[in-house]
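Below is one structure; the comments refer to it alone.
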Amino acid sequence: MKFCSECGAPVELRVPEGDDRPRYTCTQCDIIHYQNPRVVVGCLPTIGDQVLLC
Ligand SMILES: [Zn+2]
Numbered sequence: 018m019k020f021c022s023e024c025g026a027p028v029e030l031r032v033p034e035g036d037d038r039p040r041y042t043c044t045q046c047d048i049i050h051y052q053n054p055r056v057v058v059g060c061l062p063t064i065g066d067q068v069l070l071c
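Residue numbers are given in our numbering: position 46 of the sequence shown equals residue 63, and the series is strictly consecutive.
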């Protein structure tokens, strides 16, 4: 990642305050761009007193 997706300014790889790993951080707006975010989705259909976990 070279540029911020919010403002277009260059990003730098540094450890943000309160974190322990290097993250791509915008040099202008200080937004932290986390890589490889994983989306978790759940579904809990119920019929009467039966529950299906999927
Ligand atoms: Zn930015």
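Backbone N, C-alpha and C define an ideal beta-carbon position, used for all residues, glycine too.
Below 7 Å, is the gap between the Cβ of residue i and the nearest heavy atom of ligand 1?
| i | result |
| --- | --- |
| I49 | no |
| C60 | no |
| Q52 | no |
| E23 | yes |
| Q45 | yes |
Bridge partners of residue i, per DSSP?
| i | result |
| --- | --- |
| R64 | In the sequence under discussion, the amino acid at residue 64 is Ile, which differs from the Arg named in the question. Bridge partners of I64: Q67. |
| R40 | R31 |
Pairing CB atoms from the stretch 62 to 71 with CB atoms from the stretch 39 to 54, are three or more of them under 8 Å? no
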